[in-house]
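Working notes, beginning with the structure itself.
Chains as they are written, first to last, in our numbering: chain X, 29 to 290; chain F, 16 to 152.
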């Protein structure tokens, strides 16, 4: 083989190597471009999924706004002082012991509480007191601390009403800071920032401890439990046959009418 | 690493993912709780949280379906299926990042099964990407 032919072959081989390398580089660039598109699509898919989930939360927030308007209307003009709702001089007091996670407490809040407010509290015949217990689990403690901090602003009843209306599954981790803040922000008249600044304070701890001491003193063994007293007399357990307004009316009518129940 | 090795690694990771998601799916429908090393209720909190379902479908079921789909796609030859596997791996990894964020900052509890799943899907995404870039043609 002549030297000239050999040179030609070497040149051709070099050209082919260069072309192959160029093809491979082009393929790699094309694949990286496609990978970039695919990564963007994957992130978009996940973002859309999360956005749909968040959309559900927005819908729930819509419910929260409606609930807030209802509780604002229900409690408008009724005096509040810490854990008390109603006329300070009302002849009869009904104390409730409740855990923020207790489902029957939520049922009472939804089905009975509004009727009691309209029928007995608004006319000044009954004052309600609310003691928070936290025996069910960590969600109870987190929610109760925010509720107790709301009591410091005399807006506990609005918060608790919304809390029970949006109660999650027991010990599921539902009472997150994020959720509690949403509820606090929706509660009429409540300064959510101040509540969250206050929730770990000594005053909140003492308020919760006082409720627990009262529960121990009265022998509370379940929630919700109700105790009534008349004109400063001893607190007696209110035995109701069902968590419905009529069952409470049977007992409360006698009390506010001056009966001996207290 | 050869394309064949990456493919086998991908298949192994998909099977591991099926085992994890399959167990969590079983736990969900048996109304049981996952075995969690160390206890503390973190797994329980995560598995029973509102985030354990997406549009009414348990997240474990979504994961199981995803891993089965990845197993099928990884078994197919060609660059098209390799690109699809990369897409599946990336989507899974992105969703896993979201769920990890929820665990850390919303539920404030970490479930070991979810961590294991996050590791599996992230490794699977990396393997699927490497395999796609290495395929000839």
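Think of the CB as a built atom: it goes at the ideal place given N, C-alpha and C, for glycine as much as any other residue.
Would you please verify whether the beta carbon of residue i is less than 8 Å from any beta carbon of chain F?
i: residue 87 of chain X; result: Legend: pLDDT at residue 87 of chain X = 44, less than 50; position of this residue unreliable, no value from coordinates given.
i: residue 206 of chain X; result: yes
i: residue 71 of chain X; result: yes
i: residue 37 of chain X; result: no
i: residue 200 of chain X; result: yes
i: residue 62 of chain X; result: yes
i: residue 138 of chain X; result: no
i: residue 174 of chain X; result: no
i: residue 211 of chain X; result: no
i: residue 77 of chain X; result: yes
i: residue 44 of chain X; result: no
i: residue 67 of chain X; result: yes
i: residue 59 of chain X; result: yes
i: residue 56 of chain X; result: yes
i: residue 74 of chain X; result: yes
i: residue 288 of chain X; result: With a pLDDT of only 44 at residue 288 of chain X, under the threshold of 50, the placement of this residue in the model should not be trusted; the figure read from the coordinates follows. Chain F contact via Cβ: absent.
i: residue 191 of chain X; result: no
If you check the beta carbons only, do residue i and residue j fall under 8 Å apart?
i: residue 10 of chain F; j: residue 60 of chain F; result: Lying before the first or after the last residue shown, residue 10 of chain F is absent from chain F, which here runs from 16 to 152.
i: residue 141 of chain F; j: residue 89 of chain F; result: no
i: residue 113 of chain X; j: residue 185 of chain X; result: yes
i: residue 111 of chain X; j: residue 187 of chain X; result: no
i: residue 264 of chain X; j: residue 256 of chain X; result: yes
i: residue 156 of chain F; j: residue 104 of chain F; result: Because chain F in this structure spans residues 16 to 152, residue 156 of chain F falls outside the shown range and cannot be described.
i: residue 167 of chain X; j: residue 201 of chain X; result: yes
i: residue 218 of chain X; j: residue 173 of chain X; result: no
i: residue 75 of chain F; j: residue 36 of chain F; result: yes
i: residue 216 of chain X; j: residue 96 of chain X; result: yes
i: residue 101 of chain F; j: residue 60 of chain X; result: no
i: residue 94 of chain F; j: residue 21 of chain F; result: no
i: residue 140 of chain X; j: residue 236 of chain X; result: no
i: residue 79 of chain F; j: residue 33 of chain F; result: yes
i: residue 117 of chain F; j: residue 66 of chain F; result: yes
Does residue i have its Cβ less than 8 Å from a Cβ in chain X?
i: residue 82 of chain F; result: no
i: residue 147 of chain F; result: yes
i: residue 144 of chain F; result: yes
i: residue 121 of chain F; result: yes
i: residue 141 of chain F; result: no
i: residue 133 of chain F; result: no
i: residue 79 of chain F; result: no
i: residue 47 of chain F; result: no
i: residue 106 of chain F; result: yes
i: residue 89 of chain F; result: no
i: residue 17 of chain F; result: no
i: residue 21 of chain F; result: no
i: residue 64 of chain F; result: yes
i: residue 124 of chain F; result: yes
i: residue 101 of chain F; result: yes
i: residue 98 of chain F; result: yes
i: residue 44 of chain F; result: no
i: residue 29 of chain F; result: no
Just tell me which of the options has its CA closest to the CA of residue i.
i: residue 211 of chain X; options: X/274, X/282, X/171; result: X/171
i: residue 254 of chain X; options: X/39, X/200, X/155, X/227; result: X/155
i: residue 209 of chain X; options: X/220, X/157, X/35; result: X/220
i: residue 27 of chain F; options: F/76, F/87, F/62, F/122; result: F/87
i: residue 164 of chain X; options: X/213, X/196, X/190, X/189; result: X/196
i: residue 269 of chain X; options: X/260, X/280, X/120; result: X/280
i: residue 120 of chain F; options: X/260, X/109, X/203; result: X/203
i: residue 13 of chain X; options: X/216, X/231, X/147, X/143; result: It is not possible to answer for residue 13 of chain X, since the shown part of chain X is limited to 29 through 290.
i: residue 125 of chain X; options: X/93, X/283, X/238, X/66; result: X/238
i: residue 106 of chain F; options: X/43, X/70, X/278, X/261; result: X/70
i: residue 277 of chain X; options: X/235, X/178, X/194, X/143; result: X/143
i: residue 148 of chain F; options: X/55, X/198, X/131, X/130; result: X/55
i: residue 207 of chain X; options: X/80, X/139, X/36, X/92; result: X/92
i: residue 31 of chain F; options: F/144, F/139, F/143, F/126; result: F/139
i: residue 225 of chain X; options: X/178, X/214, X/32, X/262; result: X/178
i: residue 136 of chain X; options: X/193, X/99, X/146, X/121; result: X/193
i: residue 82 of chain F; options: F/108, F/43, F/18; result: F/108
Could you round the C-beta distance between residue i and residue j to whole angstroms and report it? I think they count as a contact, below 8 Å.
i: residue 106 of chain X; j: residue 74 of chain X; result: The pair is not a contact, with the Cβ atoms about 48 Å apart (cut-off 8 Å).
i: residue 128 of chain F; j: residue 49 of chain F; result: 5 Å
i: residue 243 of chain X; j: residue 161 of chain X; result: 6 Å
i: residue 258 of chain X; j: residue 116 of chain X; result: Not quite, the Cβ-Cβ distance comes to about 15 Å (not below 8 Å), so this is no contact.
i: residue 64 of chain F; j: residue 122 of chain F; result: 5 Å
i: residue 66 of chain X; j: residue 98 of chain F; result: 6 Å
i: residue 57 of chain F; j: residue 126 of chain F; result: 6 Å
For residue i, write down the residues that DSSP places opposite it in a beta bridge.
i: residue 282 of chain X; result: Its beta-bridge partners do not exist; DSSP assigns none.
i: residue 108 of chain X; result: X/113
i: residue 151 of chain X; result: Its beta-bridge partners do not exist; DSSP assigns none.
i: residue 256 of chain X; result: X/122, X/264
i: residue 159 of chain X; result: X/125
i: residue 73 of chain F; result: F/68
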